[in-house]
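Working notes for the structure below.
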Amino acid sequence: MADGNSDYDPAWGDWKTLVTFFSPTEAFLLRGVLQAGGVPAAVADAHLVQTHTLLAGAIPVRVMVPEHRFAEAQTVVEAFQRGDFALDDSDPEAP
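Per our numbering: the sequence shown = residues 76 to 170.
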């Protein structure tokens, strides 16, 4: 996991695109949320977008998960969108 993507395990089967973004930052953020939720995830095409910035609007960055974990990944995304992963800013002792 040198680049932050989850390691590939052939036992997981094929990887499937969960969602696409035009911002690599959003894709990396969602990958981290998925991994924090226990779902292996990878970002694809981010380097292509960063290299060819003039084409960035035409090249989506993919967030991919193992196909058999797709439903679980969707549940994690829904939890993220609800704010379940939000940090509590009201606690002065929180890191």
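Heads up, the beta-carbon is just placed ideally off N, CA and C, and yes, glycines get one too. Owing to the predicted nature of the structure, the values given are computational and were not obtained by experimental measurement.
For the pair alanine 86 and glutamate 142, the Cα-to-Cα distance works out to about 11 Å. Rounded to whole angstroms, alanine 148 and alanine 116 show a C-alpha spacing of 9 Å. If you draw a straight line from the Cα of threonine 150 to the Cα of proline 167, it is about 30 Å long.
About 4 Å separates the beta carbons of valine 136 and alanine 102, which is inside the 8 Å limit, making them a contact pair.
Taken atom to atom, the span from the alpha-carbon of histidine 122 to that of isoleucine 134 is near 11 Å.
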